[in-house]
Every structure is written in structure tokens, then in C-alpha cells.
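Here the structure comes first, spelled out in C-alpha cells, and everything after it is commentary.
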Amino acid sequence: MQKPQSFRDKVVIVTGAASGIGAAICRKFADEGAKIGLMDADEKGVKDMEHSLSDSGTEAFAVKCDVSVEEECNSAINAFMMRYGGIDVLVNNAGITQRGAFTETLSSVYRRVMDINFFGSLYCTKAAIESIVERKGIIIIIESVAGVTPLLGRSGYCASKHALHGLFTTIRTEIRNAGAHVMIVCPGFVKTNLQTRALGADGSVTTHPQSTLGKPTTPEAVANEIYMAALKRKNMLVLTFMGKLGYWISRIAPIFYEKIMARKFRSELEK
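Basically our numbering = 1-based index in the sequence shown + 166.
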């Protein structure tokens with residue numbers, strides 16, 4: 167598999183591009199000379215990002231898109247194909263989280279989380295994969311350490327990320343011989359507005375304080391590491407010291423990890 171020397175003039179599409187990790191990824195790849203396609207349900211936010219990138223000299227194009235709606239994903243990807251002629255990198259970043267005990271959480275909350283986190287990535291990948299394979303490009307999945315370990319009080323979020331892991335590791339095996347690639351990114355806690363929009367057990371935005379483990383990193387630090395790992399076409403990127411520590415402890419001593427995690431995050435189950 168040939169590794170790119172840079173992403174200059176490559177077409178990079180990012181979902182959830184209006185803020186947080188998605189916006190930071192857009193800026194990083196733009197700084198390296200890529201053409202950027204931006205997708206987000208926040209029309210004003212994604213257009214503001216488009217203008218910001220364009221003002222700095224980047225060729226950028228934004229499309230409002232709710233990734234939980236397959237028709238909108240297809241339409242957005244088609245718009246980028248018409249604009250740029252193809253796609254080299256798809257970054258499936260759009261996501262939502264939830265916090266609350268499984269016994270208290272409505273089934274509709276799980277469906278909403280899966281619609282955005284899992285099906286949103288599936289829909290966008292389905293629409294873009296022919297071009298990505300043709301160009302021997304890369305699909306980048308912003309998963310989470312929660313995609314490979316349990317996470318108390320976030321069972322819906324955790325389930326969606328585990329589902330992504332299974333889907334995209336399998337897709338990687340299917341497209342590898344064609345020269346295309348899938349890179350899974352597992353951040354730990356990152357300073358974004360994701361947690362401020364977390365769904366509670368009843369589906370409304372929760373005001374319950376979140377628990378964290380270790381010092382949260384920044385979207386910019388995440389974007390820098392993603393860029394460097396994409397150049398190397400890594401299979402998996404686990405970020406932050408605590409994220410790496412948690413990943414390995416969960417592999418070596420899973421019951422011990424569960425006990426530590428349960429003590430640290432028990433407040434997530436308190437009302």
C-alpha cells in the first residue's frame with residue numbers, strides 16, 4: 167500500500183465540521199494544502215467554517231447535512247463529487263453522546279445515538295466509497311476509547327462506537343487489496359462541546375455533570391496526531407496517555423479495568 171507524502175490538493179471531506187474535532191481536522195488538512203468539504207447539521211456554523219477556510223486561501227465547500235438522514239448524506243457526497251470530481255479522504259467525525267443508567271434511559275435515546283454515530287458514518291461511507299477506492303484513499307473513523315472498552319453511564323454511546331469498530335475493521339479488510347485504507351481513531355476525553363449536548367435518560371440535553379479521567383486534550387492536538395497517522399496509514403490511533411493506559415489495561419486485565427472505571431464513573435448513575 168503506497169503511503170502519501172502529503173495531502174496537498176487531495177479532497178478531504180469531514181462530517182461534524184462546524185466545531186470541535188471536526189473543525190480542527192479541517193484546519194489541519196487545509197494548512198497542509200488539501201481541498202476541504204465540510205458537512206454539518208449546523209448550517210450557520212458550517213458556512214462560517216467554510217468562509218474562514220476560504221479567507222485563508224483554502225478551497226473549501228460546505229453542505230448542510232444531518233448525517234442521520236441517508237438521503238441528505240447521499241446528496242452532500244454527490245455535491246462534493248460534482249464540485250471536486252472525487253474524494254480522497256472521508257473523515258466520519260459527526261457524533262452525539264448520552265449519559266445515564268441503562269435502566270433509566272429510553273430506547274429512543276439509543277436509536278438517536280445509533281442513527282447519528284453509526285448509521286451516519288455508514289451512510290456517508292456508502293456514498294463515497296467507490297470514489298475512495300478508485301483513488302486509493304482513506305476513510306478515517308473518529309471512534310473513541312469507548313469503542314474498544316466499556317464506559318459506565320454511557321451505554322448507548324459505547325454501543326454505537328463498538329458497532330463502528332466492527333463495521334470499519336471489516337470494511338478495511340474488504341478494500342485493502344484495492345489499495346484503499348481505513349484508519350480508526352480512538353480519542354480519550356477532548357475539550358469540545360460534545361458533552362454539553364449530551365442526551366440524558368429522557369432524551370433531553372442533560373445538565374448532569376460529567377465525569378472525566380485524566381486531563382482532557384484539545385481538538386487541535388487530536389487533529390495534528392490524526393494528520394501524521396494518516397500519512398503513515400496507521401490502522402488504529404489511540405490518543406492521550408490515559409486513553410492508551412485504559413486501552414491496554416482493559417485488554418490485559420478487563421475485570422480490574424471495569425472495577426476502576428465503575429468507581430471513577432459511578433456519579434454518572436446518580437440523579
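No residue lacks a Cβ here, since even glycine has one placed at the ideal position from N, Cα and C.
Just so you know, these numbers come straight off a predicted model, no measurement behind them.
When the beta-carbon positions are compared, Cys-324 and Leu-330 stay at least 8 angstroms from each other. A buried status is given to Asp-254, since no fewer than 16 other beta-carbon atoms sit within 10 Å of its beta-carbon.
Under the three-state reduction of DSSP, Asn-401 is assigned to coil, being neither helix nor strand. By DSSP's assignment, Gln-264 forms a beta bridge with Leu-365.
Assignment of Ala-190 by DSSP, reduced to helix, strand and coil, places it in the helix class. Residue state for Asp-208 is assigned as coil, using DSSP reduced to three classes. Short of 8 angstroms from the beta carbon of Ser-172, and not among the five residues preceding or following it, lie these beta carbons of its own chain, in chain order: Glu-198, Gly-199 and Leu-397. By the neighbour-count criterion, in which a residue is buried when 16 or more other Cβ atoms sit within 10 angstroms of its Cβ, Val-233 is buried.
For the pair Leu-411 and Met-427, the Cα-to-Cα distance works out to about 12 angstroms.
The three-state reading of DSSP puts Leu-256 in strand, counting E and B together.
Under DSSP, the beta-bridge partners assigned to Phe-227 are Gly-203. Secondary structure at Val-279: helix, using DSSP grouped into helix, strand and coil. Beta-bridge partners of Ile-307 (DSSP): Asn-258 and Ile-350.
Counting along the chain, Thr-335 sits inside the alpha helix (DSSP H) bounded by residues 321-341. Cα atoms of Met-280 and Val-257: separation of roughly 18 angstroms, rounded to the nearest angstrom. A Cβ-Cβ distance of about 4 angstroms is found for the pair Ala-293 and Ile-243, placing them in contact under the 8 angstroms criterion. The C-beta separation of Val-212 from Ala-245 comes to about 13 angstroms, leaving the pair out of contact by the 8 angstroms criterion. About 15 angstroms separates the beta carbon of Ala-196 from that of Ile-187, a gap too long to meet the 8 angstroms contact definition. Around the Cβ of Ser-273, a 10 Å sphere holds fewer than 16 other Cβ atoms; the residue is exposed.
Within the model, the alpha-carbon separation for Lys-327 versus Ala-226 is close to 29 angstroms. With a threshold of 16 other beta carbon atoms within 10 Å, Lys-176 meets it and is buried. According to the DSSP assignment, Val-177 belongs to the beta strand (DSSP E) that extends over 177-181.
DSSP places Thr-291 within a helical segment (H, G or I) once states are collapsed to three.
Counting the other CB atoms within 10 Å of its CB gives Pro-353 a total of 16 or more, which places it among the buried residues. Residue environment: Pro-420 is assigned as exposed (fewer than 16 neighbouring CB atoms within 10 Å of its CB, all protein chains considered). In this structure Asn-259 is in contact with Val-180, their Cβ atoms being roughly 6 angstroms apart against a cut-off of 8 angstroms.
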